[in-house]
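Numbering (our numbering), first residue to last: 1244 to 1439.
Beta carbons are placed, not taken as given, at the ideal position from N, Cα and C, and that holds for glycine.
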Ligand code: ADP
């Protein structure tokens, strides 16, 4: 049985994590951030080391170990009763990150919709990332060059996913707005996906 998934989509700094944390409190929704899965690894873990090597330069971790990390996590959550594939929806934040990852996930999930958080103002995004770097100790956001690489990787590798899934699934939300207004728009879209 395939897991029902809704993708939280958007460039770094668009606000996926902020919305995901709130939406994950709704009954039957589970928020899973791939960035958090990586950050929760121990540095002694070889994958944790790989993550540091790639993320510190703003690059994506290779696809196979990334997808395995996600699979192991969701199967654990199913086993311990945190996620019930028969009734629940997973809100995927940060994964898949390119078309190859989407293909690697296809046998386990089906995508019911995509919440595309779109921030038209590049300066706002860069400011958000730099503010977060200090608050959350995110070294990948501390340096302007790394931020630029992350934004470029998003444009080159991640954004093509929107075409891959097709426009019927994509719901674009203006994430230049305040978190409350983004949340309102996001909830409207979620309601529409649930009861079209
Ligand atoms: P953001 O949403 O701001 O880009 P994330 O927390 O999602 O931040 O990701 C931080 C870093 O973790 C990425 O730059 C990348 O190195 C790594 N990462 C997270 N998810 C993936 C993924 N699906 N594939 C490859 N690398 C990933």
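Backbone CA spacing between residue i and residue j [nearest angstrom]
i            : j            : result
residue 1391 : residue 1359 : 20 angstroms
residue 1292 : residue 1281 : 10 angstroms
residue 1323 : residue 1279 : 19 angstroms
residue 1256 : residue 1426 : 15 angstroms
residue 1315 : residue 1438 : 31 angstroms
residue 1303 : residue 1277 : 11 angstroms
residue 1421 : residue 1300 : 29 angstroms
residue 1351 : residue 1317 : 10 angstroms
residue 1298 : residue 1313 : 17 angstroms
residue 1373 : residue 1379 : 10 angstroms
residue 1375 : residue 1381 : 7 angstroms
residue 1289 : residue 1339 : 21 angstroms
residue 1400 : residue 1251 : 16 angstroms
Residue of the options minimising C-alpha distance to residue i
i            : options                : result
residue 1335 : 1324, 1425, 1255, 1267 : 1267
residue 1424 : 1262, 1256, 1244       : 1262
residue 1405 : 1247, 1276, 1254, 1300 : 1254
residue 1248 : 1265, 1298, 1348       : 1348
residue 1245 : 1434, 1410, 1321, 1369 : 1321
residue 1354 : 1409, 1397, 1429       : 1409
Residue(s) in a DSSP beta bridge with residue i
i            : result
residue 1246 : 1352
residue 1332 : 1247, 1272
residue 1252 : 1359
residue 1414 : 1358
Q) Looking at C-beta atoms only, is the number of pairs between the segment 1359 to 1372 and the segment 1410 to 1419 that lie closer than 8 angstroms three or more? A) By the criterion of at least three beta-carbon pairs nearer than 8 angstroms, the segment 1359 to 1372 is in contact with the segment 1410 to 1419.
Q: Evaluate contact between the segment 1335 to 1351 and the segment 1297 to 1316, counting only Cβ atoms and requiring at least three cross-stretch pairs below 8 angstroms.
A: yes
(Q) Taking 8 angstroms as the cut-off, does the segment 1315 to 1332 touch the segment 1380 to 1397 (at least 3 CB pairs, one atom from each stretch)? (A) no
Q. What alpha helix (DSSP H) runs, 4 residues minimum, are completely inside the segment 1300 to 1331?
A. 1306 to 1322
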